[in-house]
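Worksheet: the structure to be examined is printed underneath.
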Amino acid sequence: MKKKSQNLILSKLRRPALSHTPSGKADAFFGEDQLAAILRINDQYIDYKNNKEEKISIHFNKIDTQYDLPEKRYIGHRTLLSSPPAIQFFDEKNTLFEFQSKKLAHKFLEELSKLNIWTVDID
Numbered sequence: 000m001k002k003k004s005q006n007l008i009l010s011k012l013r014r015p016a017l018s019h020t021p022s023g024k025a026d027a028f029f030g031e032d033q034l035a036a037i038l039r040i041n042d043q044y045i046d047y048k049n050n051k052e053e054k055i056s057i058h059f060n061k062i063d064t065q066y067d068l069p070e071k072r073y074i075g076h077r078t079l080l081s082s083p084p085a086i087q088f089f090d091e092k093n094t095l096f097e098f099q100s101k102k103l104a105h106k107f108l109e110e111l112s113k114l115n116i117w118t119v120d121i122d
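Residue numbers for the sequence shown follow numbering that gives the first Met the number 0, beginning at 0 and rising by one.
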């Protein structure tokens, strides 16, 4: 029987599960059975409920970043290949969102991209 060769780079990128658990470091962990939720997104701010069910806003005009370009506005960075997938904002608190799945993270990023708001990929 011929042994299958293993691509070491791909094996590091693959995750054993589609569902991730919180690291305990995030301000909010978004998932199907979680208390955290995105309440509203527009071109000025994000309203969300954290894991303690407190309503919090991140105002984009208060985010200071070196990545602003005329055609795109960068508000944070993302690590979607990490476990759990995460987005960290360049706000004063460096707010960290973690997601139960890449699918949930992509859905959130799609909403931001519709508003021409972007994150920098650091994976």
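For glycine and all other residues, C-beta sits at the position ideal for the given N, C-alpha and C.
From the listed residues A25, G75, D42, the smallest Cα separation to K51 is found for A25.
Considered as a whole, the segment 59 to 96 harbours 72 to 78, 85 to 88 as its complete beta strand (DSSP E) runs of no fewer than 3 residues, in chain order.
L34 carries a coil assignment under DSSP once its states are collapsed to helix, strand and coil. Cβ atoms of D90 and I62 come within 8 Å of each other, at about 5 Å. If you draw a straight line from the Cα of L108 to the Cα of E53, it comes to about 22 Å. When the five nearest sequence neighbours on each side are left out, the beta carbons in the same chain lying within less than 6 Å of the beta carbon of H58 are those of Y44, in order along the chain. Annotated as distal: K48 and L79, with beta-carbon spacing of 9 Å or more. For the options A35, G23, T118, the alpha carbon positioned closest to that of G75 is the one of T118.
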